[in-house]
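Structure first, commentary second.
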Amino acid sequence: MKFSQIAYLLIGLVITLKEPTARDERGLSQSAENAILIAGAVAVAVAIVAAIRSFVLSRLP
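Be aware that the sequence shown starts at 1, since it is given in the UniProt record's numbering, and climbs by one per residue.
This is how it looks when you write it as structure tokens:
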């Protein structure tokens with residue numbers, strides 16, 4: 001590495017540490033997103049089981 005590359009790297013590091021980028025706080029937390037996705041998957045599974053159960057029960061003599 002050249003001296004100029006090392007200097008640029010150090011300057012960039014100092015600027016980043018001095019003024020870090022602001023975090024984006026919009027949206028749901030990861031836990032909330034996971035809970036919503038799991039609830040949706042459970043709802044789909046319950047609907048499929050209910051449809052299969054009603055089909056099987058309608059075919060029984």
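We treat Cβ as the ideally placed atom computed from N, Cα and C, and that holds for glycine. This one's a predicted model, so the numbers in the text were calculated from it and none came from an experiment.
In the DSSP annotation of this structure, residue 2 is not part of any alpha helix (DSSP H), being labelled neither H nor E.
DSSP assignment within the stretch 1-49 yields the following whole alpha helix (DSSP H) runs of 4 residues or more, N-terminal first: 3-18. DSSP, read as helix, strand or coil, puts residue 57 in helix.
Its chain contains no residue whose beta carbon lies nearer than 8 Å to that of residue 17 once the 5 sequence neighbours on both sides are disregarded.
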